[in-house]
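Going by UniProt numbering, the residue at position 78 of the sequence shown is 78; the numbering climbs one at a time, nothing skipped.
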Amino acid sequence: MTHHTLPDIRPITLHELLDAKEKRVALQHRLLKQYRLPLISLTITLPGAVKLNGCALFLFRQAQQQIIQYYQQHHITCLKTIEHIQATGSEGFFVLDMPELSLKQACIDLEQQHPLGRLWDIDVLSPATLTSISRTQLGYPPRQCLICDNNAKICGRARTHSLDELNQTIMTLATQHGYRA
């Protein structure tokens, strides 16, 4: 993994966000078809139009480190890693030789056990379906809101919490766990 300095920190447009997602999905499909193994796709869950800043990169590096530590400690072969650090947010991809449901369980464990895990979006994609394996497929409830513990998607859609409140909660969590602005 290469460590980058931050590119331009700026709000992104909806077009840029959608374009980045389209490129991410294309890369995911290419890796799944090429390796025919499960794929971890890592992004950071950040509200608002600024998707990359020092805090976001810190959170990405923490998640990346936990994923690498997991597969190294468990002697799991990683065939390919890719990272993109860009204004639309950091992205990490890991092709691992491991059963997909076991890998999804391990990623859920990382998200639930690490104090910063609720800020990570660690998707596991199946080479058979080219889609993400959901938490509910393994019997877990949907992700909880950072602030009120309700379903995060419902709070997000309803804009239950202000952008300032969400960003302050994220900054507080990151600072408590090693981030220095």
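All C-beta atoms in this analysis are idealised placements derived from N, C-alpha and C, irrespective of residue type, glycine included.
Query	Result
Which full runs of the beta strand (DSSP E) of 3+ residues lie inside the region 13–69, going along the chain?	39–44
Which one of Leu-138, His-177, Leu-18 and Thr-81 has the shortest CA to CA distance from Ala-49?	Leu-18
So is Cys-55 buried or exposed if we call it buried at 16+ other beta carbons inside 10 Å?	buried
Who are the near neighbours of Leu-32 in its chain, counting only those whose CB is closer than 7 angstroms to its CB and skipping five residues on each side?	Leu-39, Leu-125, Pro-127 and Leu-130
So for Asp-109, helix, strand or coil by DSSP?	helix
Using a 10 Å radius around the Cβ and a threshold of 16 neighbouring Cβ atoms, would you call Lys-51 buried or exposed?	buried
May I ask you to report which of helix, strand or coil DSSP gives Ser-102?	helix
Looking only at its own chain, which residues have a Cβ that is under 6 angstroms from the Cβ of Thr-81, when we skip the five neighbours before and after it?	Phe-94
Return helix, strand or coil for Thr-169, following the three-state DSSP convention.	helix
Out of Phe-58, Ala-106 and Gln-34, state which residue places its alpha-carbon closest to the alpha-carbon of Ile-67.	Ala-106
Is the distance from the Cβ of Leu-42 to the Cβ of Glu-91 below 9 angstroms?	yes
In the structure shown, what three-state DSSP assignment does Ile-9 receive?	coil
Report the residue from His-84, Arg-30 and Val-25 whose alpha carbon sits nearest the alpha carbon of Asp-123.	Val-25
Return helix, strand or coil for Leu-79, following the three-state DSSP convention.	strand
Tell me the DSSP bridge mates of Ile-122?	Leu-42
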